[in-house]
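> Quick one: this structure, given as structure tokens, is what I'll be asking you about.
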């Protein structure tokens, strides 16, 4: 008998048990680059808003920053470090995202702003992988 086996045969294993502390697919640096590009290039902002949703971001800080950027875009306001920071303050989320310093660091985290489409596609692809994993886990359970 296998002494390492602790689960009963035929009993479904929950996603949390299978992952055992491993994170779902994500890339924090790529998410930072997408948000940073949105503050640097209007084309990147438009592409991000049209292709991504807040739930496509894995990091909760990035979800809040995306929502702030989206609100600015809807209100046809400029999107830069100052306006995003002010929107986060208005939304009472500035502390939750790591403060002004974190927001200010995002444009500087962009390796090459012209690659924004690739960054967006990567974030979207990782989001789809996470959704597929969660959906498959629901089917298995």
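Residue numbers (this note's numbering): -2 to 138.
Built from N, CA and C at the ideal position, the CB exists for glycine as well.
#1: Got a sec, what are the start and stop residues for the alpha helix (DSSP H) residue 35 sits in?
#2: Quick one: Cα of residue 121 to Cα of residue 95, how far?
#3: Per DSSP, what kind of secondary structure is residue 126 in: helix, strand or coil?
#4: Determine the DSSP secondary structure at residue 95, reduced to helix, strand or coil.
#5: For residue 51, which option in 44, 64, 69 has the closest C-alpha, if you only look at C-alpha atoms?
#6: What is the DSSP secondary structure of residue 134, counted as helix, strand or coil?
#7: Just mark residue 91 as buried or exposed, buried being the case when its beta carbon has 16 or more other beta carbons within 10 Å.
So, from the listed chains and residues:
#1: 25 to 37
#2: 23 Å
#3: Note: residue 126 maps to helix in three-state DSSP.
#4: coil
#5: 64
#6: helix
#7: buried
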